[in-house]
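In the numbering used here, the protein residues as written are 254 to 694.
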């Protein structure tokens, strides 16, 4: 039996922190060696929900949805994109288990309480003069998404911890701005029941509260408002992920490992063998050899040495944020020395998530793409209107997005040469650009 652990998150086109936090969890889990293959997948970033299962070889797979609530994404989007039948899916000789969400774990109530206790202690507040607002995302598309946030508020009320407790929402009623009518206390502690410090937590929620971006406290509407970090940054979260994965019935034990182990394995051996045989391989904007990996167009005399997956990921995606990992603007001021052949695959997996598996399938003449017409016909949510795209608009977005991507849009052209990296399906980044074009008329 071989095992894979996949963390399914939202991702972002705005902030590196949304997926970045999930990748931090992945790095820790890889260093613990809890499964043969460990990776993440996202709605808005690569590797995408619909592609990630093609990157792992394991016959026993657990997917942990990295969301704080059961809702539209966990109950509709992820199962549809990953073709899941429910809690357990049997397909092609593999068993795929879909765990509860992070928000279902009872320990999160303790994390919420600790956030409040920290403010009470550091600011020396009288609990009888304090209101707490537990802030969730919410969505009118699935009212169940409110349940986890409301439950957290209920838990605080039960223990008479502070004078007032309310639950408010970014995209549902009562809205965040309603908190000043729903509470009367002089002090307000706002706890974002979100996973990562992404754009919702750092921009949207503070703005709705009346805080400036970057502020953690302010006087607003006659109240002293304190804004805590999101619950997902608590150091206990990785342990909770393991517990949720274990509840599916598959054991995940820690073994001695290092951060360059436990990457997805599909195509790994063939890729390393190709580099060894050719001596040097240009892959996208990368130049690979058995000695080092660096950008293919290196012009810097002094390159920054990078030794860990976390360092590499941060350097390439965070400043400035590159939401499309395969865009052709890869920084060219770095190199990674190779101390073991397996690192070659790990480096490429960080730079271009999922690309090696597709490259290998293309070399084996087994790569299958999804035509745009089929992709658009399946849309039931925010991309449903894309069925109205005409050929001119489609070509415009291929020129705008795909021509600046190292992957070749096989889903449009029907085939890809062996020298190119194929692309299975129009990605979320492409679809979002097309939707924006339609909205602009």
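Ideal placement from N, C-alpha and C gives every residue a C-beta, glycine not left out.
query: Using only CA atoms, which one of 367, 309, 401, 429 lies nearest to residue 696?; result: Since the first and last residues shown for the chain are 254 and 694, residue 696 lies out of range.
query: Express the C-alpha separation of residue 322 and residue 400 in angstroms, rounding to a whole number.; result: 7 Å
query: Reducing DSSP to helix, strand and coil, say where residue 431 ends up.; result: helix
query: Pick out the complete alpha helix (DSSP H) segments inside the region 315-350, 4 residues or longer, and give them in chain order.; result: 331-334
query: For a quick check, are the C-beta atoms of residue 538 and residue 581 less than 8 Å apart?; result: yes
query: For the beta strand (DSSP E) containing residue 280, name the first residue and the last one.; result: Per DSSP, residue 280 belongs to no beta strand (DSSP E); it is in the alpha helix (DSSP H), 270-285.
query: Just to confirm, are residue 616 and residue 609 a CB contact at a threshold of 8 Å?; result: no
query: Tell me the start and end of each unbroken beta strand (DSSP E) in the region 547-634 that is at least 3 residues and wholly inside, in chain order.; result: 587-590
query: Whole-angstrom Cβ separation of residue 261 and residue 316, contact assumed at under 8 Å?; result: 5 Å
query: Hey, is the region 297-313 in contact with the region 483-500, meaning 3+ C-beta pairs nearer than 8 Å?; result: no
query: Considering residue 301, what are the terminal residues of the beta strand (DSSP E) in which it resides?; result: Per DSSP, residue 301 belongs to no beta strand (DSSP E) and is neither H nor E.
query: From the DSSP output, in three-state form, read off residue 195 for me.; result: One cannot answer for residue 195 here, as it falls past the ends of the chain, which runs 254 to 694.
query: What residue range is occupied by the uninterrupted alpha helix (DSSP H) comprising residue 685?; result: 681-692
query: Distance check for residue 282 and residue 303, CA to CA, integer angstroms please.; result: 23 Å
query: Can you name, in chain order, every residue of its own chain whose Cβ lies under 8 Å from the Cβ of residue 255, other than the five neighbours on each side?; result: 289, 290, 310, 311, 312, 313
query: Express the C-alpha separation of residue 645 and residue 356 in angstroms, rounding to a whole number.; result: 44 Å
query: Quick one: residues in its chain with C-beta nearer than 6 Å to the C-beta of residue 595, no 5 flanking neighbours on either side, listed in chain order?; result: none
query: With which residues is residue 261 paired in a DSSP beta bridge?; result: 294, 318
query: Return the chain-ordered list of same chain residues with a C-beta closer than 6 Å to the C-beta of residue 477, the five sequence neighbours on each side being excluded.; result: 440
query: Run through DSSP, which three-state label would residue 525 get?; result: helix
query: Would you decide whether residue 297 is buried or exposed? Buried here means 16 or more other CB atoms lie within 10 Å of its CB.; result: buried
query: I'd like to know whether the C-beta atoms of residue 556 and residue 513 end up nearer to each other than 8 Å.; result: no
query: Any idea if residue 566 is buried or exposed, counting beta-carbon neighbours within 10 angstroms, 16 or more meaning buried?; result: buried
query: For the putative contact between residue 481 and residue 506, defined by C-beta atoms under 8 Å, what is the C-beta separation to the nearest angstrom?; result: Not confirmed; about 34 Å, so no contact.
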